[in-house]
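Sequential numbering from 38 applies to the sequence shown in our numbering. Remarks on the structure that follows.
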Amino acid sequence: LLKLMEDEKIVDLLNDKRAIALKLNWNSESAKQFAALYPVNSVPAVFFVGYDGKLRDTITSPFDIVDLFEKTSNALAGNAVSVANFEMTETKKANGRSADIHGNKTCSSNLITKKMNRGKIDKENLLKDAVANENEEDEKSFEEKAKAVQNLREEIRRKRLEEEKLREKLLAQIKADRIEGQIRSNRNAEMTKPEAQISSDPISSSEMNRDLARIQFRFPDGRRQFATFNRNDPLHVLFDYIKPFFPDDCQLKLIELYPRRHFTDVDYEKSLESLDLVPSAVLLIVRTVCIY
Numbered sequence: 038l039l040k041l042m043e044d045e046k047i048v049d050l051l052n053d054k055r056a057i058a059l060k061l062n063w064n065s066e067s068a069k070q071f072a073a074l075y076p077v078n079s080v081p082a083v084f085f086v087g088y089d090g091k092l093r094d095t096i097t098s099p100f101d102i103v104d105l106f107e108k109t110s111n112a113l114a115g116n117a118v119s120v121a122n123f124e125m126t127e128t129k130k131a132n133g134r135s136a137d138i139h140g141n142k143t144c145s146s147n148l149i150t151k152k153m154n155r156g157k158i159d160k161e162n163l164l165k166d167a168v169a170n171e172n173e174e175d176e177k178s179f180e181e182k183a184k185a186v187q188n189l190r191e192e193i194r195r196k197r198l199e200e201e202k203l204r205e206k207l208l209a210q211i212k213a214d215r216i217e218g219q220i221r222s223n224r225n226a227e228m229t230k231p232e233a234q235i236s237s238d239p240i241s242s243s244e245m246n247r248d249l250a251r252i253q254f255r256f257p258d259g260r261r262q263f264a265t266f267n268r269n270d271p272l273h274v275l276f277d278y279i280k281p282f283f284p285d286d287c288q289l290k291l292i293e294l295y296p297r298r299h300f301t302d303v304d305y306e307k308s309l310e311s312l313d314l315v316p317s318a319v320l321l322i323v324r325t326v327c328i329y
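If you want it as structure tokens, here you go:
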């Protein structure tokens, strides 16, 4: 049995599967410990034990190189295993058939070689299938990424068109407001001109309103809202004013159109006067996040 286990093909098979071969003498302490775990009915014998501790197969006399190779191949399929080889010296000497089988190993060499070659071919086929599957997954991943990029580009293009339309609408509205304001200003000037000549009060109405900031809010739906604040009020007062017009989950942003400025958290504590919003300004309300 020892000579069969040391056969070149058996050794190559064990090395290829990263197996561990242990030879235990029957009267040794290690053999007694092994026998306490696995039943040993006869010796010499070969036990195939997986790393999970389960007994996979057992080979007892008479031994044949072909049978040994086949059972070793079957036992090593899957997880690597440990091989325990029990051998009793007296039985080994008395058993002459083991030597006869070893002498006939040349006759069965071709059969073993064919089986080993068949195993190599199977491994090559498995490797080819794995490479083909990997290439197919790479192609699918590339197509998904390309589709995602295309969708992102379309989304960006759509948002740009919406922003351009909104900008044109705001410019037209601002132009109309300017014309309307100019007409109203000229009309008020004509109506108040006699009173200004008669009045002897050294403080004019414009001087009285220097402490105030008249803000026009433009809502996303096109509505306009006018409100007056103190010039020393911080910017967050304006946010407090417009928040009740929107749901609680909305995050708002104020934008001055001319000159175009975006007011952020950094500006919350700055006064309206320091932000050049006195005596009047037009602010666009933009919803950045709003969950309904």
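We put the beta carbon where it would ideally sit given N, CA and C, even for glycine. Note that the coordinates shown come from a computational prediction; the quantities given were computed from them, not determined experimentally.
Item, Value
"Of the listed residues Glu181, Arg324 and Leu294, nearest to lysine 212 (C-alpha basis)", "Leu294"
"Continuous alpha helix (DSSP H) stretch holding phenylalanine 84: start and end", "From DSSP, phenylalanine 84 is part of no alpha helix (DSSP H) but of the beta strand (DSSP E) over 82 to 87."
"CB-CB length for valine 323 against lysine 290, believed under 8 Å", "5 Å"
"Leucine 309 versus valine 315: straight-line alpha-carbon distance, rounded", "6 Å"
"Cβ pair phenylalanine 84, lysine 46 closer than 9 Å", "no"
"Distance between isoleucine 216 and proline 222 (C-alpha atoms, nearest Å)", "Checking the sequence, you will find serine at residue 222 rather than proline. Taking the straight line joining both Cα atoms gives about 10 Å."
"Whole-number beta carbon distance between serine 317 and alanine 250, since they are thought to touch under 8 Å", "7 Å"
"Glutamine 253 - partner residues in DSSP beta bridges", "Phe263 and Val319"
"The beta strand (DSSP E) enclosing lysine 290, as first and last residue numbers", "288 to 293"
"Contact under 9 Å by Cβ, isoleucine 96 with aspartate 44", "no"
"Alpha carbon of methionine 42 to alpha carbon of glutamate 171, nearest angstrom", "39 Å"
"Simplified DSSP assignment, three categories, for proline 281", "helix"
"Backbone CA spacing between tyrosine 75 and leucine 51 [nearest angstrom]", "22 Å"
"Distance between alanine 72 and asparagine 350 (C-alpha atoms, nearest Å)", "Limits of the chain in this structure are 38 at one end and 329 at the other, which puts residue 350 out of reach."
"Cα-Cα separation, valine 274 to alanine 183", "47 Å"
"When Pro284, Asp277, Arg255 and Gln187 are compared against leucine 320, the one with the closest alpha-carbon", "Arg255"
"Separation of glutamate 174 from glutamine 166, as counted between CA atoms", "The sequence given here has aspartate at residue 166, not glutamine. Going from the Cα of aspartate 166 to the Cα of glutamate 174 covers about 12 Å."
"CB-CB length for leucine 272 against leucine 312, believed under 8 Å", "6 Å"
"DSSP-derived helix/strand/coil call for aspartate 94", "strand"
"Distance, phenylalanine 276 Cα to glutamate 264 Cα", "Strictly speaking, residue 264 in this sequence is alanine, with glutamate absent from that position. If I take the Cα positions, the gap works out to 12 Å."
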